[in-house]
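These protein sequences, in sequence, are chains A and B. Counting in numbering that gives the first Met the number 0, the first sequence runs from 0 upward without gaps. Counting in numbering that gives the first Met the number 0, the second sequence runs from 0 upward without gaps. First up is the structure itself, then whatever we jot down about it.
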Amino acid sequence: MNDMTPTREERAEKLQGMGCRRKRVEDIRFTQGKGQYVDDIKLPGMLFGDFVRSPYAHARIKHIDKSKALAMKGVIAVLTAEDLKPVKLDWMPTLAGDVQMVLADGKVLFQNQEVAFVIAEDRYIASDACELVEVEYEALEVLVDPFKALAPNAPELREDLRGKTEGAHGKRIHHNHIFNWQVGDKAATDAAISNGEVTIKEMISYHRTHPCPLETCQALASMDKIKGELTLWGTFQAPHVVRTVASLLSGIPEAKIHVIAPDIGGGFGNKVGVYPGYVCAIVGSIVLGKPVKWVEDRMENLTATSFARDYHMTTEISATKEGKVTGLKVHILADHGAFDACADPSKWPAGFANIVTGSYDFPVAHLEVDGVYTNKAPGGVAYRCSFRVTEAAYCIERAMDILAQKLGMDPADLRMKNFIQPQQFPYQSALGWEYDSGDYPTALKKGMETINYRALREEQKAKQEAFKRGETREIMGIGVSFFTEIVGAGPSRNCDILGVGMFDSAEIRVHPTGSIIARMGTKSQGQAHETTYAQIIATELGIEADKIMIEEGNTDTAPYGLGTYGSRSTPVAGAATAMAARKIRAKAQMIAAHLLEVSDYDVEWDIDRFRVKGLPEKFKTMTEIAWAAYNNVPEGMEPGLEAVNYYDPPNMTYPFGAYICVMDIDVDTGVAKTRRFYALDDCGTRINPMVIEGQVHGGCTEGFAIAMGQEIRYDEMGNCVTGSLMDFFLPTAVETPHWETDFTVTPSPHHPIGAKGVGESPNVGSVPAFSNAVNDAFAFLNAGHIQMPHDAWRTWEVAERLGLHD
Amino acid sequence: MAKTHVTMTINGQEVEALVEPRTLLIHFLREQMLLTGPHIGCETSHCGACTVDMNDMSVKSCTVFAVQANGANITTIEGMAAADGTLSALQEGFRMMHGLQCGYCTPGMITRAHRLLIENPDPSEDEIRMGIAGNICRCTGYQNIVKAIQYAAAKINGVPFHEAAE
């Protein structure tokens, strides 16, 4: 029975554990059309809900007449704010400590705001009936520009907050002001800036955009009035939090609410928050005792559920003449739209924007953020990034390029000169973070060598000369970005959502025959959790990954967790997985020693077994131990082999990377062609390189879109003019560049397996690389800072402004 | 609303049903035929998640009425594997080359690639990229989708597949 034939390498390989390019478990159902997404679920007697939405960005509601809609055959109910008031659901709390209208209460504050909810027998009838709901509006003055929000005569948007001088995050100084948040040493930073030998100051905007997963937000609520139980299927990145919120709002005990997040068609931050559609489906089902489904369409998704970014960052850096940075000062004007529905940990109104010192050793820094209301959709979600980290990374990476230009230094050399050095870790940043580990110079050097950076600069110089001589109409840009992320929220001492600490969890059960089921508090939206968590367990417990089933998304069976966003699954739930597995291994060691009739300390772990020290032929495999756990345990030991771990990380993790973009721009058309894009990521220990590369490809494609044209834009009346895929840029295979991936490995010292998380790094890192490439291309023409997005029209306009078409 | 009688062949099976004239083909397939493989991503024919094969053409079923498909021969992702359950070369290629993540675009993407490889059995990378330009993927950045289609083309053509370097 104790087969010694396979070598240790063969045994390790058979596990398909950490580090291997394991093919994905999920693909078997997805490639056959057998995934199950919310809209695939069909229940008997199911009804459909649809919204009447406001055509105005700011208006008073004078009257709503729903009689014609109610008279239509197949229409069951029409809900308005008045109907929600008796159950106190006309408004709901947001994750950011604000409140948000579920259905318009007296006025509307953004275009496409939810005004009434029609419930009908099918989705076609619901849509027809929405047309029959008559709403009388009185248009009000519209506020679109965040820079005008705090003007004394700016229209008052939030009448519900009138007289409230204290918000969830301190003092409000104006009726459209949400919060002021400051970090760092202001006096020392002001002194450093005013004494700087060289200084720069620039307003760097990160425009409003949207995560736009291919599957929109949707929910299906089913109230069983007999049992008093509510089952809720939905596109939830954080199903446990949704259950807690649903319980708090509805008064139904949490144990009687079953939240199920089935397969999710991409999230990217869009599916973290709680939306009026979810609430209305729940209320509809509770009132009617029938299942009610709500599925938003693409236009509703882009215009109403959770934008991202919209940060306007006035940035100052001081430095010595030699290019050593001495201070960083950033003021951010944050446009939150009509309600502050930002999805950040509760105590962080601007997320972790104080990672804005980036990869550089700033002795002093100060960050100040003012949040304001405008007549735009609410949100402020982390579109494939940790909370506001993308904005911060863009800010510092763009600013470093601006400084390099002012100093006449190469931007890569300037970065190299100011990097936090490997021996400085753990590193205390001027804005309060403790970076866990990093080796920045090695990463950037590797990137520069791989892409042959110096030769590219020579080529660029030659092309600039040729351009000046009129021999070419093309200019060349090289965009360097060296980002540091902060992911894996978080230590519960400073990170919570609505008071629940941001730990995460894993529960592992080994069955008698040695197969395993493991359940997590997170929820994959395409990140391959079913594949990669199994790899962690395979390595930790010596059981083949193919025998390990991973289950997420069902709040009845999964341990409580805070969900998947902010690249927190690997740093937090991945750690919980390793820790739970180690509890099991510790018990297995005692069982093995018992079976081998030696003391616990006389056995040692060996890939998939415990063996007697010095006697490798005497061993018990984990499969044998699993069987024994159910029939032959040491006296006094509980039978069974399972464990749960709730992991509260001691610190965040700090992945980093070096991205370089080489671009050629035709000044006559404004068309930019990405010649090469190199992405080196250091995410610590690599669990599945195939999955990591896939994440980097996808994140870079999103970054490419954002930098080169993707945006949510409003006209002066507050009409969203990018509300469909006709206008909102999602790149196809034709425009998307080819991605070159690379890596270094600097494990996190505090994470059980040294992993840091990678899903969001490519979005964070690629946007500045693209934008810096465009700016770098025009730098020799003294174009100044060019704002994103860099679509062909705007790029052509830059060339026009510079007189290149004369 | 008065209903119209339609017949069509879906994944080799002849079906008949009553549909409202305004019912979209995607809703007919998903809700009446319970074929939930094809998805809805945009309602405006941009994203291709709803792609099905209709009379030997790739069609976006969110902008076709079910009545327009009367008499048609339709194949969805559910009809791609062999009768014995063996996956098609494309289904295998997408898994082997990591050509999918959330899986939402995958049924439409594979269905489109199926028709592409019939139209052009040995496409270049550029021809593949152009050939799937009507299908949007938000997760993969397309690079591995291209490889998956190359893998399938090689398998169908009986030639060895050489994976391009990163």
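Beta carbons: idealized from backbone N, C-alpha and C, even for Gly.
Helix, strand or coil at residue 0/A according to DSSP, with G and I counted as helix: Because the pLDDT of residue 0/A is 47, which lies under 50, any placement of that residue in the model is unreliable, and the number read from its coordinates should be weighed accordingly. Of the three classes helix, strand and coil, the one that applies to residue 0/A here is coil, per DSSP.
Residue 543/A, DSSP secondary structure in three states: Residue 543/A falls in the coil class under three-state DSSP.
Contained beta strand (DSSP E) runs [length at least 3] in the region 188-232 of chain A, N- to C-terminal order: 197-208 and 217-223
Proximity test, Cβ basis, 8 Å: residue 162/B and chain A: no
Under 8 Å (Cβ pairs) to chain A, residues found in the region 135-150 of chain B: 135, 136, 137, 138, 139, 140, 141, 142, 143, 144 and 145
With 16 other Cβ atoms within 10 Å as the buried cut-off, status of residue 0/A: Only weak support exists for where residue 0/A lies, its pLDDT of 47 falling under 50; the coordinates are left without a value.
With 16 other Cβ atoms within 10 Å as the buried cut-off, status of residue 309/A: buried
Beta-carbon proximity of residue 109/A to residue 337/A, cut-off 8 Å: Yes, the pair counts as a contact, with Cβ atoms nearer than the cut-off.
Three or more C-beta pairs below 8 Å linking the region 709-725 of chain A and the region 152-165 of chain B: no
Coil, strand or helix - residue 699/A by DSSP: helix
Min CB distance residue 114/B to chain A below 8 Å: no
Per DSSP, the bridge partner or partners of residue 24/B: DSSP, once it has assigned bridges, lists no residue as partnering residue 24/B.
N- and C-terminal bounds of the alpha helix (DSSP H) containing residue 55/B: Counting along the chain, residue 55/B falls outside any alpha helix (DSSP H), and DSSP gives it neither H nor E.
Where residue 600/A falls, given that 16 or more other Cβ within 10 Å makes a residue buried: exposed
Three-way DSSP call (helix, strand, coil) for residue 484/A in this model: coil
For residue 549/A and residue 514/A, the rounded distance between their alpha carbons: 11 Å
Helix, strand or coil at residue 615/A [DSSP, three-state]: It is a strand residue.
CB contact flag (residue 694/A, residue 797/A, <8 Å): no
Integer Cβ distance of residue 495/A from residue 560/A, believed to fall under 8 Å: Actually they are not in contact, since the Cβ atoms of residue 495/A and residue 560/A sit about 13 Å apart, beyond 8 Å.
Those runs of the beta strand (DSSP E) which lie wholly inside the region 54-119 of chain B and span at least 3 residues: Fully contained in the region 54-119 of chain B are the following beta strand (DSSP E) runs of length 3 or more, in chain order: 56-59 and 72-74.
At least three beta-carbon pairs within less than 8 Å, the region 46-57 of chain B to the region 83-94 of chain B: no
N-terminal and C-terminal residue of the alpha helix (DSSP H) that residue 767/A is part of: In the DSSP assignment, residue 767/A falls within the alpha helix (DSSP H) that extends over 760-778.
Any C-beta of chain B under 8 Å from that of residue 32/A: yes
Nonlocal neighbours in the same chain, by C-beta distance under 7 Å from residue 78/B, ignoring five residues either side: 10 and 11
Proximity to residue 103/B [Cα-Cα], best of 97/A, 69/A and 214/A: 214/A
Minimum Cβ-Cβ distance from residue 109/B to chain A less than 8 Å: yes
Closer than 9 Å at the beta carbon, the chain A residues around residue 43/B: Those within 9 Å of residue 43/B in chain A are 297, 298, 723, 724 and 725.
Spatial neighbours of residue 748/A in its chain, beta-carbon cut-off 7 Å, leaving aside the 5 residues before and after: 435 and 436
Residue 712/A at chain B interface by Cβ criterion, 8 Å: no
Inter-residue spacing [alpha-carbon to alpha-carbon] between residue 790/A and residue 17/B: 47 Å
Assumed close pair residue 107/A, residue 60/A - CB separation to whole angstroms, cut-off 8 Å: 7 Å
Residue closest to residue 562/A, alpha-carbon to alpha-carbon, out of 235/A, 218/A and 10/A: Ranking 235/A, 218/A and 10/A by Cα distance to residue 562/A puts 235/A first.
Contact list for residue 104/B against chain A, beta-carbon separation under 7 Å: 213
Alpha helix (DSSP H) runs contained entirely in the region 17-84 of chain A, provided each spans 4 or more residues: Within the region 17-84 of chain A, the complete alpha helix (DSSP H) segments of 4 residues or longer fall at 26-29, 66-70 and 80-83, listed in chain order.
Simplified DSSP state of residue 0/B, which is helix, strand or coil: coil
Coarse secondary structure for residue 356/A, derived from DSSP in three states: coil
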